[in-house]
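Participant:
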Amino acid sequence: MIRTVESEPHASPPVLAAYSYCEAVTGRQARNFAYGIRLLPTPQRRAMSALYAFSRRVDDIGDGELAHDVKVARMEETRALLTRIRAGEVDEDDIDPVAVALTHAAGAFPIPLGGLDELIDGVLMDVRGETYETWDDLKIYCRCVAGAIGRLSLGVFGTEPGARGVDRAPEYADTLGLALQLTNILRDIREDAVGGRTYLPADDLAKFGCSAGFSGPKPPEGSDFAGLVHFEVRRARALFAEGYRLLPMLDRRSGACVAAMAGIYRRLLDRIERDPEAVLRGRVSLPGREKAYVAVRGLSGLDARHATRRAVRRRA
1 MIRTVESEPH ASPPVLAAYS YCEAVTGRQA RNFAYGIRLL PTPQRRAMSA
51 LYAFSRRVDD IGDGELAHDV KVARMEETRA LLTRIRAGEV DEDDIDPVAV
101 ALTHAAGAFP IPLGGLDELI DGVLMDVRGE TYETWDDLKI YCRCVAGAIG
151 RLSLGVFGTE PGARGVDRAP EYADTLGLAL QLTNILRDIR EDAVGGRTYL
201 PADDLAKFGC SAGFSGPKPP EGSDFAGLVH FEVRRARALF AEGYRLLPML
251 DRRSGACVAA MAGIYRRLLD RIERDPEAVL RGRVSLPGRE KAYVAVRGLS
301 GLDARHATRR AVRRRA
C-alpha cells in the first residue's frame, strides 16, 4: 500500500486530456468530493477524478430512464470495460477518456479495481429495486457503493511508512464510506421516495412508525420521524468515529482530503440532526463558503486532530 507520488508514470498529452475530462466531470457533478480532492497533489487528484468519473458513469446508468434489461446490459458492458482496464488493454488514443485516465491511474497507483466491480454489483441492487430489512442487510449495499470507494481511494492515498495498525487501513476506509453513504441516505430520503426507492431498514422504519414512507413534505401521521432520524444519525456518528482511525495512517495532504470530505458530511449530519424534517422539504446542503472553511481546516490538520482525539476517546 505504501508508495510515493513521484513514482507516477509520465502522462502524455492524450492522457492529460483524458484526466482533464475526468476533472471536469468531477467538478461539475461532485461538489463535495471536488472540495476534498483539490487538497491532493496533482497525480493523486487526477487519479481520484478518474475513479469518480468511472463511478459516475455506473451511477448514471443505474439512475437513468432506460428499461431494466437495457440497464443490466449497459452494466455488463461497463464491467467488460473494467476488465480491459484491469488488464491494461486500453490504449492512450482510445476514444473513451475515462477508460484512458483510469488505465493510467491504475498503472500509477495500487488501486484495487475490484472495488469498481463491487460498485457495479451495488448499483445493480438499485436496478433490481432491492429493499433492506435490517441494518446488516443495508450494510451490504453500502459497502458495495461506498465502502468500496473508500478502499479504492486508499489505493491512491497510500499509507505512511511505519503507521501503527496500518493493516486495518482498508477496514477503516470502508467504514468511513459507510458513514458517508448513510448520511447520503438521510439527506436524500424524500428524493429517493419520489423515485420509488427506500433505503432505510424496514425494521427501523417500523420501530418509529414510518413504514408508510415519505411521499410528502411531512412525516407519516403518528410517526416519530425525529426519533428515526436521530437514531440513524447516532449510527452514522459511530461509523465516522471508527472510520476516522484511518487519518493518522495517511500523509498530511491525503489526511486533509479525507478530513475535508468527511467534515462536509458530518456538518450535513449536524444540520439534519437539528432539523430532521428538513430532509422532507428538500435537499440539505452546505454553502460553498462553509465547504471551503472545512477544506481549510482539513489542510491545517485541525479536523483530523479533532476527529482522531474523538476516535481515541471512543476506543478507550
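Heads up: the sequence shown runs through residues 1 to 316, numbered per the numbering used here.
Using N, Cα and C, we set each Cβ at its ideal position, and we do this for glycine too.
In this text, all values refer to a predicted model and were calculated from it rather than measured experimentally.
#1: Apart from the five residues just before and just after Glu23, which ones in its own chain have a Cβ nearer than 8 angstroms to its Cβ?
#2: Considering only the alpha carbon of each residue, which of Pro14, Ala30, Pro112 and Leu138 lies closest to Val90?
#3: When the Cα atoms are used, what is the spatial distance from Tyr21 to Leu246?
#4: Excluding the 5 residues preceding and the 5 following Leu239 in the sequence, name in chain order all residues of the same chain whose CB lies nearer than 7 angstroms to its CB.
#5: When you compare each of Arg79, Asp224, Gly263 and Gly27 to Val123 by their alpha carbons, which one comes out closest?
#6: Could you tell me which uninterrupted beta strand (DSSP E) segments, each at least 3 residues in length, are contained entirely in the segment 80-119, listed from first to last along the chain?
#7: Rounded to whole angstroms, how far is the Cβ of Phe214 from the Cβ of Leu228, which I believe are closer than 8 angstroms?
#8: Could you tell me the alpha carbon to alpha carbon distance between Lys160 and Ala11, rounded to whole angstroms?
#9: Which ranges does the alpha helix (DSSP H) cover as unbroken runs of at least 4 residues, wholly within the segment 220-261, from first to last along the chain?
#10: Suppose you measure from the CA of Pro57 to the CA of Gln29; what does that come to, to the nearest Å?
#11: At the level of alpha carbons, what is the spacing between Val156 and Cys257?
#12: If you drop the 5 nearest sequence neighbours on each side, which residues of the same chain put their C-beta closer than 7 angstroms to that of Asp224?
#13: In angstroms with no decimal places, state the Cα-to-Cα distance between Asp121 and Ala101.
#14: Using a Cβ distance threshold of 8 angstroms, determine whether the segment 162-171 contacts the segment 135-143, with at least three qualifying pairs required.
#15: Pick helix, strand or coil for Thr308, following the three-state DSSP scheme.
#16: Just checking my contact of Pro317 with Ala18 at CB under 8 angstroms: how many whole Å lie between their CB atoms?
#17: Would you check if the distance between the CB atom of Ile111 and the CB atom of Leu82 is smaller than 8 angstroms?
#18: Thr26: buried (16+ other C-beta within 10 angstroms of its C-beta) or exposed?
#19: Ignore the nearest five residues each way along the sequence and tell me which others in Asp137's own chain have a CB closer than 8 angstroms to its CB.
#20: Return helix, strand or coil for Arg314, following the three-state DSSP convention.
#21: Within a Cβ cutoff of 8 angstroms, which residues of the same chain sit near Gly64, ignoring the five residues on either side of it in sequence?
#22: Skipping 5 residues on each side, what residues in its chain have a beta carbon closer than 7 angstroms to that of Ala226?
#23: Please check the pair Pro219 and Leu280, which I expect to be a contact at CB under 8 angstroms, by giving their CB distance rounded to whole angstroms.
#24: Going by alpha carbons, who is nearest to Arg297 out of Tyr265, Ala260 and Arg289?
#25: Grab the span of the alpha helix (DSSP H) containing Thr26 for me, first residue to last.
#26: Is Tyr293 helix, strand or coil by DSSP?
Facilitator: The relevant details are as follows:
#1: Taking the first residue of the sequence shown as 1, we reach residue 23 at position 23. The beta carbon of Glu23 is closer than 8 angstroms to those of Arg45, Arg46 and Ser49 in its chain, skipping five residues each way along the sequence.
#2: Here residue 90 is taken as the residue at index 90 of the sequence shown, counted from 1. Per the Cα distances, Pro14.
#3: Looking up residue 21 in the sequence shown gives position 21. Looking up residue 246 in the sequence shown gives position 246. Each residue's Cα considered, the two are about 30 angstroms apart.
#4: Numbered from 1 along the sequence shown, position 239 holds the residue referred to as residue 239. So the list reads Thr175, Leu178, Ala179 and Leu182, once near-sequence residues are dropped.
#5: Indexing the sequence shown from 1 puts residue 123 at position 123. Put simply, of Arg79, Asp224, Gly263 and Gly27 the residue whose alpha carbon is nearest the alpha carbon of Val123 is Arg79.
#6: Note on the segment 80-119: there is no whole beta strand (DSSP E) run with a minimum of 3 residues.
#7: By 1-based counting over the sequence shown, the position of residue 214 is 214. By 1-based counting over the sequence shown, the position of residue 228 is 228. The beta-carbon separation of Phe214 and Leu228, rounded to 10 angstroms, does not stay under the 8 angstroms limit for a contact.
#8: Walking along the sequence shown from the start, residue 160 turns up at place 160. Walking along the sequence shown from the start, residue 11 turns up at place 11. Position check: residue 160 holds Glu in this sequence, whereas Lys was assumed. Between the alpha carbons of Glu160 and Ala11 lies a distance of about 25 angstroms.
#9: The segment 220-261 contains, as complete alpha helix (DSSP H) runs of 4+ residues, the segments 225-243 (chain order).
#10: In the sequence shown, residue 57 corresponds to position 57, counting from 1. In the sequence shown, residue 29 corresponds to position 29, counting from 1. Pro is not the amino acid found at residue 57; the sequence shown has Arg there. Computed Cα separation, rounded: 11 angstroms.
#11: Position 156 of the sequence shown holds residue 156. Position 257 of the sequence shown holds residue 257. Val156 and Cys257: Cα-Cα distance of roughly 12 angstroms.
#12: To locate residue 224, count along the sequence shown from 1; it is residue 224. Cβ neighbours of Asp224 beyond the five flanking positions: Phe208 and Gly209.
#13: Locating residue 121 in the sequence shown gives position 121, where the first residue counts as 1. Locating residue 101 in the sequence shown gives position 101, where the first residue counts as 1. Going by the C-alpha atoms only, they are around 22 angstroms apart.
#14: Output reads no: the segment 135-143 does not touch the segment 162-171.
#15: Your numbering for residue 308 matches position 308 in the sequence shown. With a pLDDT of 49 at Thr308, under the threshold of 50, the modelled position of this residue cannot be trusted, and the question is left open.
#16: It is not possible to answer for residue 317, since the shown part of the chain is limited to 1 through 316.
#17: Translated into positions along the sequence shown, residue 111 becomes position 111. Translated into positions along the sequence shown, residue 82 becomes position 82. In this structure, Leu82 does not lie closer than 8 angstroms to Ile111 by Cβ.
#18: Walking along the sequence shown from the start, residue 26 turns up at place 26. Taking every protein chain shown into account, the CB of Thr26 has 16 or more other CB atoms within 10 angstroms, so this residue is buried.
#19: Along the sequence shown, one-based indexing puts residue 137 at 137. Contacts found: Pro201.
#20: Here residue 314 refers to the residue found at position 314 when the sequence shown is read from its first residue. Confidence in Arg314 is poor, its pLDDT being 46 and thus under 50, which makes the residue's placement unreliable; the coordinate value appears in the next sentence. In the displayed model, Arg314 falls within a helix according to three-state DSSP.
#21: Taking the first residue of the sequence shown as position 1, residue 64 is located at position 64. Lys71, listed in sequence order.
#22: Taking the sequence shown and counting its residues from 1, the one referred to as residue 226 is at position 226. Cβ within range, chain order: Pro276.
#23: What you label residue 219 is simply residue 219 of the sequence shown in a count that begins at 1. What you label residue 280 is simply residue 280 of the sequence shown in a count that begins at 1. The Cβ separation is near 7 angstroms, so the contact holds.
#24: Within the sequence shown, the letter at position 297 stands for residue 297. Of the listed residues, the one whose Cα sits closest to Arg297 is Ala260.
#25: As a position in the sequence shown, residue 26 is number 26, starting the count at 1. Element bounds for Thr26: Pro13 to Gln29.
#26: Your numbering for residue 293 matches position 293 in the sequence shown. It is helical.
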